[in-house]
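All residue numbers for the sequence shown refer to this note's numbering, where the first residue is 7 and numbers rise by one. C-beta: ideal position from N, C-alpha, C; glycine also. These numbers come from a predicted model, not from an experiment.
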Amino acid sequence: VDVTERREAATLLESLVRERTAELQRSNEDLQQFAHVTSHDLKEPTRKIKTFAGMLGDDPGTQLSERGQTYLEKIKSAANRMFLMINGVLTYSTITESEPESEAVPLEALLSAIRDDLEVPVRQKGARIISHGLPVLQGSPVLLYQLFFNLLSNALKFARADVAPVIELRSRPDRIPGWTRIEVRDNGIGFDPEHSERIFETFSRLHSKDQYEGTGLGLALCRKIVRRHGGQISAEGRPGEGATFVLTLPLR
Numbered sequence: 007v008d009v010t011e012r013r014e015a016a017t018l019l020e021s022l023v024r025e026r027t028a029e030l031q032r033s034n035e036d037l038q039q040f041a042h043v044t045s046h047d048l049k050e051p052t053r054k055i056k057t058f059a060g061m062l063g064d065d066p067g068t069q070l071s072e073r074g075q076t077y078l079e080k081i082k083s084a085a086n087r088m089f090l091m092i093n094g095v096l097t098y099s100t101i102t103e104s105e106p107e108s109e110a111v112p113l114e115a116l117l118s119a120i121r122d123d124l125e126v127p128v129r130q131k132g133a134r135i136i137s138h139g140l141p142v143l144q145g146s147p148v149l150l151y152q153l154f155f156n157l158l159s160n161a162l163k164f165a166r167a168d169v170a171p172v173i174e175l176r177s178r179p180d181r182i183p184g185w186t187r188i189e190v191r192d193n194g195i196g197f198d199p200e201h202s203e204r205i206f207e208t209f210s211r212l213h214s215k216d217q218y219e220g221t222g223l224g225l226a227l228c229r230k231i232v233r234r235h236g237g238q239i240s241a242e243g244r245p246g247e248g249a250t251f252v253l254t255l256p257l258r
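Given below as structure tokens:
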């Protein structure tokens, strides 16, 4: 009788776990759908605010006082920040926990494309992006591009004012066969070690928007992409001494 009761209890428990898991999955899907729809609906009015504010500033018939011009610039800046945030939410909400489309992704070639897309800020800041024999990864080329683009953009954004940015990418075999450990190191402003987890939270910011532009979604998106590939990402840093992001990703 005891054996029968235990089996019945185990069966009931398994059923409850499956039911609860299904509820959580539905709830997560509902939240993702809500974020996607809401962000999409907000995009068009935000675009119009940007457009008309720009037209107002460019219209030769519009005479604004110095204070009015300042207010207009604040409107344009806020609209642009909102537009970037909406795009970030849309991107974040569309990345699910399912397996990504997977193929061979040569990281050196990916990095070359990112260098081209970051040509303007790299030139403006006199930055150098150095890679050391990066491997071929296995994963989604679109998501991996977004991952490393965000990391390099982050390093450029948080550069020290009086120091040309140097960003280095290195890799070495992970302790798990078939995986690699990639380090993205910069010489920027760094951060307090106590914030090494907080920086990956959605909408988390260590600095005011007046100091550094951004949405607070970039690193949260990085963590989500890495986890979708089954890997991990962590950060190390010290104020004034730069930051290092350490990723584990699957090899081809």
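Which residues does DSSP pair with residue i in a beta bridge?
{"i": "ARG178", "result": "ARG187"}
{"i": "THR17", "result": "DSSP output for THR17 lists no bridge partner at all."}
{"i": "GLN144", "result": "ALA110"}
{"i": "PRO256", "result": "TRP185"}
{"i": "SER118", "result": "Partner(s): none; SER118 has no beta bridge."}
{"i": "ALA241", "result": "PHE251"}
{"i": "ASP260", "result": "Here the chain comprises residues numbered 7 to 258, so residue 260 is not present and cannot be evaluated."}
{"i": "ARG134", "result": "VAL172"}
Select from the options the residue whose C-alpha is nearest the C-alpha of residue i.
{"i": "GLU114", "options": "ALA167, MET61 and LEU175", "result": "LEU175"}
{"i": "LEU255", "options": "GLY184, THR208 and MET61", "result": "GLY184"}
{"i": "ALA133", "options": "ASP168, ARG244, PHE89 and ALA59", "result": "ASP168"}
{"i": "ILE101", "options": "GLY237, VAL232 and PRO245", "result": "VAL232"}
{"i": "GLY287", "options": "ARG204, VAL126 and GLU72", "result": "Given a span of 7 to 258 for the chain in the structure shown, any question on residue 287 remains unanswerable."}
{"i": "PHE206", "options": "ALA161, ALA16 and ALA241", "result": "ALA241"}
{"i": "ASP192", "options": "ALA84, ALA161 and THR68", "result": "ALA161"}
{"i": "GLU200", "options": "PHE155, ALA249, VAL111 and LEU153", "result": "ALA249"}
{"i": "LEU150", "options": "LEU124, LEU18, ARG129 and ILE120", "result": "ILE120"}
{"i": "LEU90", "options": "ARG258, ARG229 and GLY224", "result": "GLY224"}
{"i": "GLY194", "options": "PRO179, ILE173 and ASP180", "result": "ILE173"}
{"i": "PHE155", "options": "PRO127, ASP64 and ASP47", "result": "PRO127"}
{"i": "VAL111", "options": "ARG129, PRO147, GLN130 and ILE136", "result": "PRO147"}
{"i": "ASP180", "options": "ILE239, GLY222, ALA84 and ARG129", "result": "ILE239"}
Return the CA-CA distance between residue i and residue j, expressed in angstroms with no decimal places.
{"i": "GLU109", "j": "GLU79", "result": "44 Å"}
{"i": "THR57", "j": "LEU96", "result": "21 Å"}
{"i": "LEU116", "j": "LEU22", "result": "45 Å"}
{"i": "LYS163", "j": "GLU107", "result": "30 Å"}
{"i": "VAL252", "j": "GLY196", "result": "14 Å"}
{"i": "LEU157", "j": "ILE55", "result": "30 Å"}
{"i": "PRO245", "j": "ASP198", "result": "6 Å"}
{"i": "ARG166", "j": "GLU247", "result": "10 Å"}
{"i": "LEU2", "j": "PRO171", "result": "Residue 2 is absent from the structure shown; the chain starts at 7 and stops at 258."}
{"i": "VAL9", "j": "SER202", "result": "49 Å"}
{"i": "ILE92", "j": "GLY67", "result": "32 Å"}
{"i": "LEU19", "j": "ASP122", "result": "55 Å"}
{"i": "ASN86", "j": "GLU14", "result": "59 Å"}
{"i": "GLU25", "j": "THR17", "result": "12 Å"}
{"i": "GLY63", "j": "GLU50", "result": "20 Å"}
{"i": "ASP65", "j": "ARG73", "result": "17 Å"}
{"i": "ARG258", "j": "ILE182", "result": "14 Å"}
{"i": "THR27", "j": "GLN130", "result": "50 Å"}
{"i": "ALA84", "j": "THR76", "result": "12 Å"}
{"i": "THR208", "j": "ARG12", "result": "43 Å"}
{"i": "SER118", "j": "LEU143", "result": "15 Å"}
Between which residues of its own chain and residue i is the CB-CB distance below 7 Å, once the five residues before and five after are set aside?
{"i": "MET88", "result": "THR52"}
{"i": "HIS235", "result": "PRO106, GLY145, LEU255 and PRO256"}
{"i": "GLY60", "result": "LYS82"}
{"i": "LEU153", "result": "CYS228, ILE231 and VAL232"}
Please return the same chain residues whose Cβ sits closer than 8 Å to the Cβ of residue i, not counting the five positions on each side in sequence.
{"i": "SER177", "result": "LEU113, HIS138, GLY139, LEU140, PRO141, THR186, ARG187, ILE188 and GLU189"}
{"i": "GLY237", "result": "TRP185, LEU253, THR254, LEU255 and PRO256"}
With a threshold of 6 Å on Cβ separation, who are the neighbours of residue i within its own chain once the five nearest residues in sequence on each side are excluded?
{"i": "GLU125", "result": "none"}
{"i": "ILE136", "result": "GLU174"}
{"i": "GLU29", "result": "none"}
{"i": "GLU70", "result": "Per the sequence presented here, residue 70 reads as Leu, with Glu not at that position. So the list is empty, once near-sequence residues are dropped."}
{"i": "LEU48", "result": "ILE92"}
{"i": "SER159", "result": "none"}
Should residue i be listed as close to the ligand HEM, given that the test is whether its C-beta is under 7 Å from any heavy atom?
{"i": "SER146", "result": "As far as ligands go, the structure on display features none, and thus does not contain the ligand HEM."}
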